[in-house]
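Heads up: the structure comes next, in structure tokens.
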Amino acid sequence: MAIVNMKKISVIALSDDEKEVVETLMDMGVTQVEDITEEEITAEYAGLLSKRADDEAMSGYDAQRKTVKEAIDILAAHVDAKKVLFAPRRSVSKAMFAEVAGDPKREYAFAQEVTGAVRRQNELRSEKNRLLGEIETLSKWKGLGFSLGFTGTKHTGVLLGMLPAQLDVNDFSTKLSEAGLIAEVQTVSSDKDAAYLAVIYHKSSEGELQRLLPQLGFSTAAVSGDDVPEAVIGRLLERIGVLEGEAEAAVAGLKEMAKDKARLEVLYDYLSECIEKEAAYAKLGRTEHTVLLKGWVPAEAADAVVKTLEGKFVCETELASPTEEEAYPILLRNPKVIQPFESVTEMYSLPAPHSMDPNKLMAPFFFLFFGMMVSDAGYGLLLTLITGFIVWKYKPQGQAGKLMKLICYGGVATMFWGVIFGGYFGDTIPVVVKMATGKEIVLPSLVNPSNDPISVLILSLILGLIHLFAGMGAKAYLLIKRGQIWDAVFDIGFWYLVLGGIGILCLGMILPGTPAMQIGMWTAVAGAIGLILTQGRAKKNIFAKLIGGIGSLYDIVGYMSDILSYSRLLALGLSTGVVASVVNMMGSMGGNTVVGWIMFALVFVIGHVFNIAINTLGAYVHASRLQYVEFFGKFYESGGKAFQPLVRPRKYVEVTDKIE
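So the sequence shown is numbered by this note's numbering: it starts at 1256 and just counts up by one.
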């Protein structure tokens, strides 16, 4: 339906024009360059071609781009401007882009300066933490009274150390005396972990003291310095002050550098462009004087590409259509209203070549299923307004943009089903009226899932049957398109009769006295007979054909299981309303008082925001699941590879003709 037709393109150009050819194709942005493999060179070109891959240049550009990205992220954290959700790419002039591209080394040096400043910040932080650790250790020795480096006099020595808190200092001192050691123990300080001691001893007792102290639980302190602890701590604090000043200067410097972040963004996109070019060069086949480029181009753009290349260069071009067996890249083209639904398909897999794009067929079902699962007009209004504002204000691109538009559409569908089911933030309106006046009111609705779940279940199953029939119809379309008309009749048409007949039969049970039961029964029987006679047609003998046909009827179990899967439409829609009602009930427990209304407002906001979030996520997941399993399983041929044309990649900037 919406898979763009592709043409194979081959270009033989002079080696001297290689870079200009690639530049031209990048500017046009409609050609996917294919890699000419070594196997092709050997098999198709008799080894006349060679490949060139400048891995050193590629890795160099990649390393530079990583550094630039790091610098951009650093500066982004120091920009004073307000952070913007879904910020669009910055517009820059061609002149500015050309200036950066003309001297990338200067901008890269700036990026290195930025990353260097952050490395210096980290060094300052590490040094400060180290000094704080030293201060914490030295603080245990305040009041020592002598220099940390003091080791004693001619006849005395000093040991600084710790004694675990569970050991008694007096007992420790007594044991030293009992051992005949000449020593005095001074307690400098203590905390919950240990006592910090200075042991002053006569040097004649040094050997025995060194042996005995570990046995008594004493461990030597790892402290040193050329002054008393208070003085050393003072100097360390001064050093920390210097470090903090330097760190503040570094932050101020980064804030100043952040003004030039735009130039780094230009450099990043320029380096991405260089990487893209190197990747393209590596895919080409080459002789001494020529290069061979092979690729894919959309059929409607093929003539323009050929005309442009042959008009600018001395080259030979050739276009060809893909064969039936040849896999070409997939480019989808749908109306704007359908494009958001492509995100659902792309998350699953792109369609295979020579198959069909399911999005036009899938979109209305996803729309209906999403809305039916959330099924509250108030929730739908909020979803539509919020996502619509984001799309209008910020214009998100790519998958984010598609997702926002998809949820916006889902909000519209949710309002539709909310009106049908009578849900406006659950039963908020009746609850508010009852709180304020004591009167009970009932809002109009076509059907209420809470009061009449069977009707909603039947509606869900009918929608599911229509969904499956659409998928089966898509399969029939593919078969007929490929000339397999009888396969479409046998494999799809007879199942239509069986399932449709069963549906009519069920309708007859609901409407007794009508001929619906008879019509449904004979329709289903006719379809079953057709299946028995045709589903074993690939078998060789008549007995195997018959067994195969009878065995095919077992697939009815799978179809019934698929149809029952659509009961989740009721389950999720019902859960939305029930949770909303519970939220309102909890909020109204305060009654018609000032406190009661404040309580209602708080519970209302928190409860309904949670309910919207969880049910929107659930609706998206389960609506997608119904497409992937029940719908796609009937016809979808996946596995396509996305069309990736050679373009000038843009992550941060959009190059325009404006003059700065």
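Glycine residues also receive a C-beta, built at the ideal position from the N, C-alpha and C atoms.
It should be emphasised that the depicted structure is a prediction, and the values quoted were computed from it without experimental measurement.
Nearest neighbour of residue i, chosen from the options [CA to CA]
{"i": "K1521", "options": "E1273, G1656, A1350", "result": "This sequence places Val at residue 1521; Lys is not what is there. Among E1273, G1656, A1350, the Cα nearest to that of V1521 belongs to A1350."}
{"i": "E1439", "options": "D1448, L1661, D1446, D1426", "result": "D1426"}
{"i": "Y1732", "options": "V1744, H1722, I1721", "result": "V1744"}
{"i": "L1901", "options": "G1315, V1478, D1746, K1549", "result": "K1549"}
{"i": "L1701", "options": "K1694, S1710, E1695", "result": "S1710"}
{"i": "V1864", "options": "V1780, A1835, K1591, T1392", "result": "A1835"}
{"i": "A1779", "options": "I1267, G1315, Y1751, G1803", "result": "Y1751"}
{"i": "L1605", "options": "S1474, I1585, Q1594", "result": "I1585"}
{"i": "R1345", "options": "A1618, D1524, P1595, G1407", "result": "D1524"}
{"i": "N1384", "options": "I1495, S1314, S1348", "result": "I1495"}
{"i": "L1414", "options": "K1397, F1473, M1841", "result": "F1473"}
{"i": "K1510", "options": "Q1739, M1841, V1334", "result": "V1334"}
{"i": "L1471", "options": "Y1456, V1424, A1504", "result": "V1424"}
{"i": "I1455", "options": "F1401, D1482, K1447", "result": "F1401"}
{"i": "L1468", "options": "E1503, A1502, L1422", "result": "L1422"}
{"i": "G1412", "options": "K1657, S1598, I1675, L1464", "result": "L1464"}
Range of the contiguous beta strand (DSSP E) that encloses residue i
{"i": "P1419", "result": "1411-1419"}
{"i": "V1443", "result": "1438-1445"}
{"i": "G1845", "result": "Segment: none, G1845 is in no beta strand (DSSP E) and carries neither H nor E."}
Start and end residues, alpha helix (DSSP H) containing residue i
{"i": "Y1649", "result": "1632-1649"}
{"i": "T1871", "result": "1849-1880"}
{"i": "W1396", "result": "Run containing W1396: none; DSSP gives neither H nor E here."}
{"i": "K1274", "result": "1273-1283"}
{"i": "I1327", "result": "1310-1331"}
{"i": "S1893", "result": "That residue, S1893, is in no alpha helix (DSSP H); its beta strand (DSSP E) goes 1893-1895."}
{"i": "E1463", "result": "1461-1470"}
{"i": "F1427", "result": "1424-1433"}
{"i": "F1887", "result": "1887-1890"}
Between the CA atoms of residue j and residue i - distance to the nearest angstrom
{"i": "S1270", "j": "E1555", "result": "28 Å"}
{"i": "M1690", "j": "I1329", "result": "54 Å"}
{"i": "L1420", "j": "Q1441", "result": "A small fix is needed here, since residue 1420 is Ala in this sequence, not Leu. Computed Cα separation, rounded: 15 Å."}
{"i": "Q1899", "j": "Y1363", "result": "29 Å"}
{"i": "G1404", "j": "R1375", "result": "32 Å"}
{"i": "I1223", "j": "F1859", "result": "Any property of residue 1223 remains undetermined from this structure, which presents the chain solely from 1256 to 1915."}
{"i": "M1602", "j": "V1288", "result": "24 Å"}
{"i": "G1357", "j": "K1324", "result": "19 Å"}
{"i": "G1782", "j": "D1746", "result": "10 Å"}
{"i": "S1807", "j": "N1260", "result": "37 Å"}
{"i": "A1507", "j": "V1373", "result": "12 Å"}
{"i": "S1630", "j": "Y1821", "result": "15 Å"}
{"i": "K1591", "j": "K1660", "result": "10 Å"}
{"i": "S1705", "j": "V1833", "result": "8 Å"}
{"i": "S1527", "j": "V1552", "result": "22 Å"}
{"i": "G1263", "j": "K1896", "result": "Correcting the residue type first, residue 1263 is Lys in the shown sequence and not Gly. Taking the straight line joining both Cα atoms gives about 15 Å."}
{"i": "G1398", "j": "S1445", "result": "12 Å"}
{"i": "Q1367", "j": "R1361", "result": "10 Å"}
{"i": "P1577", "j": "Y1891", "result": "21 Å"}
{"i": "Y1536", "j": "K1274", "result": "8 Å"}
{"i": "I1848", "j": "G1862", "result": "A small fix is needed here, since residue 1848 is Thr in this sequence, not Ile. Taking the straight line from one Cα to the other gives about 20 Å."}
{"i": "I1784", "j": "L1760", "result": "17 Å"}
Residue i - DSSP class collapsed to helix/strand/coil
{"i": "P1606", "result": "strand"}
{"i": "E1289", "result": "strand"}
{"i": "L1574", "result": "strand"}
{"i": "V1908", "result": "strand"}
{"i": "V1266", "result": "strand"}
{"i": "V1454", "result": "strand"}
{"i": "S1479", "result": "coil"}
{"i": "R1345", "result": "strand"}
{"i": "M1727", "result": "helix"}
{"i": "I1593", "result": "coil"}
{"i": "L1714", "result": "helix"}
{"i": "M1611", "result": "coil"}
{"i": "A1449", "result": "strand"}
{"i": "G1404", "result": "coil"}
{"i": "L1587", "result": "strand"}
What are the start and end residues of each continuous alpha helix (DSSP H) run of 4 or more residues lying completely inside the region 1783-1821, in chain order? 1797-1807, 1810-1819
Unbroken beta strand (DSSP E) runs of length 3 or more, entirely within the region 1482-1560: which are they? 1545-1553
Minimum length 4: unbroken alpha helix (DSSP H) runs contained in the region 1732-1777: Considered as a whole, the region 1732-1777 harbours 1740-1743, 1749-1765 as its complete alpha helix (DSSP H) runs of no fewer than 4 residues, in chain order.
What are the complete alpha helix (DSSP H) segments, minimum 4 residues, inside the region 1665-1710? Here the runs fully enclosed are 1683-1692.
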